[in-house]
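A short worksheet on the structure shown next.
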Amino acid sequence: MSDTADLQTTTPERARIVSAITSVLAQVLDYDLPELTESSRLFDELGLDSTGVFELLMQLEEALEVEFDTDNLEMAHFETVASLADFVVAERDA
1 MSDTADLQTT TPERARIVSA ITSVLAQVLD YDLPELTESS RLFDELGLDS TGVFELLMQL
61 EEALEVEFDT DNLEMAHFET VASLADFVVA ERDA
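Under full-length UniProt numbering, the sequence shown has 61 at position 61, and the numbering climbs by one with no breaks.
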């Protein structure tokens, strides 16, 4: 009927990951964030910087009990909330 499952499809686990990302982003950026969507751009809209990326990853590892392989990191993973969630899902499934 349909092709392979789309990573954008909301599952309970993906929703939990997106929620963790938005929560950790608010802590890392240290200000009240606007209503975030999966298309919210981390650098352009929210002002995330390279120092923030490091802190974001450390806090996400703790919140989601996952360890990221830094060799797999690319700037594209931090383009939007959705791209970061896709990366986290892939790392958890690895």
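Backbone N, C-alpha and C fix where the C-beta goes; we use that ideal spot for every residue, glycine too.
Assignment of Thr22 by DSSP, reduced to helix, strand and coil, places it in the helix class.
Arg92: member of the alpha helix (DSSP H) spanning 81 to 93, first to last residue. Under the Cβ criterion (8 Å, minimum of three pairs), the stretch 77 to 87 counts as touching the stretch 40 to 58. Gly52: member of the alpha helix (DSSP H) spanning 50 to 64, first to last residue. The alpha-carbon separation between Val18 and Glu38 amounts to approximately 8 Å.
For Gln59 against Val28, the beta-carbon gap comes to about 7 Å, under 8 Å, which counts as contact.
Closest option to Thr51, judged by alpha-carbon separation, among Leu25, Glu91, Arg14: Leu25.
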